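Data block below; observations after.
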Amino acid sequence: MGILNVTPDSFSDGGQHASLDEALRHAERMLAEGAAIIDVGGESTRPGASPVAEQQELDRVAPVVEALVRELDALVSVDTSRASVMREVTALGAGMLNDVRALELEGALSAAAASALPVCLMHRQGEPQTMQQAPRYECAIEDEVADYLMQRMEICEAAGLRKNRLLLDPGFGFGKTVEHNLRLLKHMERLRALGRPLLVGTSRKSMIGKVLERPVEERLPGGLALTALAVERGAKILRVHDVAPNVDAVNMTWAVMQEGCGRQQD
1 MGILNVTPDS
11 FSDGGQHASL
21 DEALRHAERM
31 LAEGAAIIDV
41 GGESTRPGAS
51 PVAEQQELDR
61 VAPVVEALVR
71 ELDALVSVDT
81 SRASVMREVT
91 ALGAGMLNDV
101 RALELEGALS
111 AAAASALPVC
121 LMHRQGEPQT
131 MQQAPRYECA
141 IEDEVADYLM
151 QRMEICEAAG
161 LRKNRLLLDP
171 GFGFGKTVEH
181 NLRLLKHMER
191 LRALGRPLLV
201 GTSRKSMIGK
211 VLERPVEERL
221 PGGLALTALA
231 VERGAKILRV
241 HDVAPNVDAV
251 NMTWAVMQEG
261 CGRQQD
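Residue numbers (UniProt numbering): 1 to 266.
Structure representation (structure tokens):
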């Protein structure tokens, strides 16, 4: 899954793909490098980010989604928590919804259920503005994350959003210390036991920077190590900025796991 942020303030690529032409060209490059999904986001959810107006988010993502579907025939995921955005991008041909708030905002659950699209539910603690201010968990983080995601799945099913449409994201970096993130990745089998595909997003995140003492632009090697570990622990979708090297990391890891039988096909 290639990341396409159409925001001015995302933590590593804010403002780089703000125009429609820039966004299309970047998506085209990621598809050529092996991305199966393009994830479009119109509101930064980095630590400390301020919310944007609903209409502003729509104005950012709707033209990009429409163009990606029309010109590149791409499978488009939209990173949003708002019901109005979900409805609009569904009508424009988006193929997936990716919600960092796990459909908790008003109207999001019904909009997602009505869309008939796959939906990714992510765990987070707190909102972006404050989520990294001393996050705490009462028990093992993998248990708390698994319990939260199970509860959200049950709520979704009760609202008519069938379990077979759901994907789960542990939410690395969303209300978690470095130690929380490392433990969560180490014990990802706890989340795999929930029985739904896992989406993992660690690309360029501060957990890499803090462990290796690297700025954002030097975090790719550490990120590739996390990609390999995530695949080995059962991740089915990797949300990344740098597609080509991550595709290589996935294929190499998969080849080892399959004892040389070849590339992952699904």
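Even glycine gets a Cβ: it sits at the ideal position worked out from N, Cα and C. Just so we're clear, the structure is a prediction, and the values are computed from it rather than from any experiment.
Nearest neighbour of residue i, chosen from the options [CA to CA]
i: LEU166; options: MET122, PRO135, ILE208; result: MET122
i: ARG82; options: LEU105, ARG60, VAL52; result: LEU105
i: PHE172; options: LEU194, ARG124, ASP147; result: ARG124
i: residue 269; options: MET30, ILE37, ALA18; result: Residue 269 lies beyond the range of the chain shown here (1 to 266); nothing can be said about it.
i: ALA193; options: ASP143, VAL211, ALA225, VAL178; result: ASP143
i: LEU191; options: ARG214, GLU157, ALA32, ALA230; result: ALA230
Terminal residues of the beta strand (DSSP E) in which residue i lies
i: ALA235; result: 235 to 238
i: ASP99; result: 96 to 99
i: CYS139; result: Run containing CYS139: none; DSSP gives neither H nor E here.
i: LEU117; result: It is not in any beta strand (DSSP E) - LEU117 carries neither H nor E in the DSSP assignment.
i: ASP169; result: 166 to 169
i: VAL200; result: 198 to 200
DSSP bridge partner residues for residue i (one or two, in chain order)
i: SER77; result: ASP39, MET96
i: ASN5; result: GLY41
i: LEU121; result: ASP99, LEU168
Whether residue i touches residue j by CB criterion (8 Å)
i: LEU117; j: GLY95; result: yes
i: ALA159; j: ALA113; result: yes
i: LYS236; j: PRO197; result: yes
i: ARG70; j: GLY42; result: no
i: HIS180; j: ILE208; result: no
i: LEU58; j: GLU88; result: yes
Straight-line Cα distance separating residue j from residue i
i: GLN258; j: PRO51; result: 44 Å
i: GLU138; j: ASP39; result: 33 Å
i: PHE11; j: GLY126; result: For PHE11, the predicted model reports a pLDDT of 48, less than 50, meaning its position is unreliable; a value from the coordinates is still stated below. Looking at the two C-alpha atoms, the distance is approximately 18 Å.
i: GLY195; j: LEU238; result: 17 Å
Where the alpha helix (DSSP H) through residue i begins and ends
i: MET207; result: 206 to 212
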